[in-house]
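Under numbering that gives the first Met the number 0, the letters of the sequence shown match residues 0 to 163, in that order.
Worksheet for the structure shown next.
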Amino acid sequence: MTVYHNHFTIQSDRRPTFHDVTEKVQLLLAESGISEGILLVYSQHTTCSVMIQEAADDVNYWGTDFLMQDLVTVLETVIPTCRSEGQYLHPGPKHIKAAAARDELPSWSLNTDAHLRSVLMGRSVTIPVIEYQMQLGDFGRIYFADFDQVRARERIVRIEIVGE
Numbered sequence: 000m001t002v003y004h005n006h007f008t009i010q011s012d013r014r015p016t017f018h019d020v021t022e023k024v025q026l027l028l029a030e031s032g033i034s035e036g037i038l039l040v041y042s043q044h045t046t047c048s049v050m051i052q053e054a055a056d057d058v059n060y061w062g063t064d065f066l067m068q069d070l071v072t073v074l075e076t077v078i079p080t081c082r083s084e085g086q087y088l089h090p091g092p093k094h095i096k097a098a099a100a101r102d103e104l105p106s107w108s109l110n111t112d113a114h115l116r117s118v119l120m121g122r123s124v125t126i127p128v129i130e131y132q133m134q135l136g137d138f139g140r141i142y143f144a145d146f147d148q149v150r151a152r153e154r155i156v157r158i159e160i161v162g163e
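Now the structure itself:
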């Protein structure tokens with residue numbers, strides 16, 4: 000049995016961003032040489048998620064796929080964007096102090112909504128691999144979502160493939 004690890008980076012924006020990483024993951028699967036097994040796509044970031052969904056073809060003026068924008072709209076109803084301190088219990092004073100020790104701006108901690116959305120949506124997907132192909136269905140695409148709205152930054156997408 001072979002275990003293959005790799006990663007790549009994406010750049011998020013200062014708003015919910017969705018990156019279709021399907022092609023990049025398929026390239027890493029081919030590089031692995033694994034024909035049968037399971038493939039894990041994982042976010043190590045606690046404000047991000049990984050999901051499988053259909054591409055909607057249409058995009059809004061920000062370039063966001065309509066289906067992903069609909070998801071943002073639903074999540075906004077369930078978990079409103081954190082706009083000021085005290086809206087949620089997090090971040091508390093100890094968290095702000097710890098963040099200051101890391102030279103982080105206090106406003107960067109106003110991302111409780113992103114943490115909660117990540118918990119709700121999940122941080123990984125596992126995909127069967129049969130005959131060198133990910134089993135995503137006819138319309139399935141792999142999306143990496145960053146729900147953090149306090150700053151743009153580089154994110155790491157981790158891949159692990161186990162099989163033969």
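By construction, the Cβ of each residue, glycine as well, lies at the ideal position given by its N, Cα and C atoms.
Computed from a prediction, not measured in an experiment: that's the story for all the values here.
Starting from the Cα of G139, find the closest Cα among Q10, A113, D56 and T8 and give me that residue. It is D56.
For F143, list the residues DSSP reports as bridge partners. Its beta-bridge partners are H18 and V49.
What are the boundary residues of the alpha helix (DSSP H) that H114 is part of? Its alpha helix (DSSP H) spans residues T111 to M120.
Cβ atoms of F143 and V128: under 7 Å apart, would you say? No, they are not a contact pair.
So, using beta-carbon positions, are S117 and T45 closer together than 7 Å? Cβ atoms of S117 and T45: closer than 7 Å.
Those residues which DSSP pairs with M133 across a bridge: Looking at the DSSP output, M133 shares a beta bridge with V128.
Sub-7 Å separation of V20 and I141 beta-carbons: Yes, Cβ-Cβ distance for V20 and I141 is below 7 Å.
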